[in-house]
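Below you'll find the structure, written out as structure tokens, and then a few comments.
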Amino acid sequence: DQKPTRRKPRSLRRRCKRFAMNHTWTIPLLLLLAFAALYAINPTESNVIHRFIFLSYKQPALEAGAPPQYGKGLWDIAFVSFYTIVLSFTREFIMQEMLRPLARFCGIKSRGKQLRFMEQMYTAVYFGFMGPAGLYVMRRSPVWYFNTKGMYELFPHRTHEACFKFYYLFQGAYWAQQAIVMLLGMEKPRKDFKELVAHHIVTLALIGLSYRFHFTHMGIAIYLTHDISDFFLAISKSLHYIDGPMTPPFFALSIGVWVYLRHYLNLRVLFSILTEFRTVGPYELNWETQQYKCWISNIITFGLLAALQFLNLFWLYCLLRVMYRYLVHNIAEDDRSEPDESEIE
Numbered sequence: 001d002q003k004p005t006r007r008k009p010r011s012l013r014r015r016c017k018r019f020a021m022n023h024t025w026t027i028p029l030l031l032l033l034a035f036a037a038l039y040a041i042n043p044t045e046s047n048v049i050h051r052f053i054f055l056s057y058k059q060p061a062l063e064a065g066a067p068p069q070y071g072k073g074l075w076d077i078a079f080v081s082f083y084t085i086v087l088s089f090t091r092e093f094i095m096q097e098m099l100r101p102l103a104r105f106c107g108i109k110s111r112g113k114q115l116r117f118m119e120q121m122y123t124a125v126y127f128g129f130m131g132p133a134g135l136y137v138m139r140r141s142p143v144w145y146f147n148t149k150g151m152y153e154l155f156p157h158r159t160h161e162a163c164f165k166f167y168y169l170f171q172g173a174y175w176a177q178q179a180i181v182m183l184l185g186m187e188k189p190r191k192d193f194k195e196l197v198a199h200h201i202v203t204l205a206l207i208g209l210s211y212r213f214h215f216t217h218m219g220i221a222i223y224l225t226h227d228i229s230d231f232f233l234a235i236s237k238s239l240h241y242i243d244g245p246m247t248p249p250f251f252a253l254s255i256g257v258w259v260y261l262r263h264y265l266n267l268r269v270l271f272s273i274l275t276e277f278r279t280v281g282p283y284e285l286n287w288e289t290q291q292y293k294c295w296i297s298n299i300i301t302f303g304l305l306a307a308l309q310f311l312n313l314f315w316l317y318c319l320l321r322v323m324y325r326y327l328v329h330n331i332a333e334d335d336r337s338e339p340d341e342s343e344i345e
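Residue numbers (the UniProt record's numbering): 1 to 345.
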């Protein structure tokens, strides 16, 4: 009789590889630990890692007791890169270790639906924090409450308080991380994938150009209108996955919030670009004094925000179509979804 062959124990390397594949948050975590170790060697501003973790370009105080101001520069790219890694870790960790068990607890059995639920709940968690943070930052700026003149007065806005700069760059890191998710195919593409790609391109262009050319006061208004509406829509999608009784009224509420924030307020901003952009504050192109509020930035700003508005109108049409199908035919499905994971979206 032949003795049964014993299976060789898996090597440590293979076990680590398998763990990393099943827990994708480990790779960004290792990168963050490497940054922490390198910074711990010399935890001062002279350490180059300091520029990745903390804000750069702190300006001398002009008035006693005034909050410090921060300028802009190339090291801000390092800051965005670091927090892109941070958000890569938080996304994967929260989804896999917290939201997947929640999906199972709520009775979602389909793996595809679990993944969609996790994605939407993570969106809700992120914007649940960043929405109020954005309102706090806006409250401390001349743009409160979506005051369009404040976007152009005292231009150029070359420095900002720490909370403003951190918020703006952290949001940039979020959208950079979302672009990586799309490029790596970490989320299953839908039928509106092309529109979503266009949205990411326009969004990243708006973030980069508005920061470089000092249109950040306009940018924070655009951030907020999209963040808050995304929060409500993500909650309505999540409720749909668990067959929550509040799904229909919350979905109707999310459409109302969407129309007010993404269309009414954004159309006000677009109208201000056609009117106040030229009349409020300086209107000239001067590279030495960094005066970029001029005819060419007028065209580019309007063009990008108009493109964003058309994309939002497309998605509003999709939302209204879902609502119509539900009210008239009692079908709560989105025809952009796969048959086994239909949802209100």
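For every residue, glycine included, the Cβ atom is placed at its ideal position computed from N, Cα and C.
Following the DSSP letters along the chain, one finds Trp-75 inside the alpha helix (DSSP H) bounded by residues 75 to 93. Secondary structure at Asn-266: helix, using DSSP grouped into helix, strand and coil. For Glu-97, the closest C-alpha among the options Ser-81, Ile-77, Tyr-122 and Gly-73 is that of Tyr-122. Each of Tyr-167, Met-246, Cys-294 and Tyr-317 was checked against the Cα of Tyr-83, and the nearest Cα belongs to Tyr-167. For Val-322, the uninterrupted alpha helix (DSSP H) segment begins and ends at 295 to 329. Three or more beta-carbon pairs separated by less than 8 angstroms link the region 142 to 150 to the region 216 to 231, which places the two stretches in contact. Excluding the 5 residues flanking it on each side, Ser-56 has same chain C-beta neighbours closer than 6 angstroms at Trp-75, in chain order. The beta carbon of Leu-135 lies closer than 8 angstroms to those of Leu-224 in the same chain, with the five residues before and after it left out.
Thr-247 is positioned such that its CB atom lies no closer than 8 angstroms to that of Ser-229. Restricted to the region 35 to 65, the alpha helix (DSSP H) segments that are unbroken, complete and at least 4 residues in length are 50 to 53, listed in chain order. Exclusion of the five residues before and after Gly-128 leaves Phe-231 as the residues of its chain whose Cβ lies within less than 7 angstroms of its Cβ. If you draw a 10 Å sphere on the C-beta of Trp-295, you find fewer than 16 other C-beta atoms in it, and that means exposed. The C-alpha of Ala-252 lies about 38 angstroms from the C-alpha of Arg-278. Counting C-beta pairs with one atom in each stretch, the region 177 to 197 and the region 30 to 48 have fewer than three that are closer than 8 angstroms, which means they do not touch. In the structure shown, His-200 adopts helical secondary structure according to DSSP, grouped into three states. Collapsing the DSSP output to three states places Gln-291 in a strand. Taking the Cβ atoms as the reference, Ile-49 lies roughly 5 angstroms from Leu-38, within the contact range of under 8 angstroms. Taken through DSSP and simplified to helix, strand or coil, Glu-161 comes out as strand. Residues Ser-229 of the same chain have their beta carbon placed closer than 6 angstroms to that of Trp-258, with the five preceding and five following residues left out of the count. DSSP places Tyr-70 within a strand segment (E or B) once states are collapsed to three. The alpha carbon of Phe-35 has as its nearest neighbour, out of Trp-25, Thr-24, His-23 and Phe-52, the alpha carbon of Phe-52. The C-beta distance from Leu-261 to Ala-306 rounds to 17 angstroms, too long to fall under 8 angstroms, and the pair is not in contact. Here Leu-29 has Phe-89 and Phe-93 as same chain residues with Cβ atoms under 8 angstroms from its own Cβ, once five neighbours each way along the sequence are excluded.
In the DSSP assignment, Asn-286 forms a beta bridge with Gln-291.
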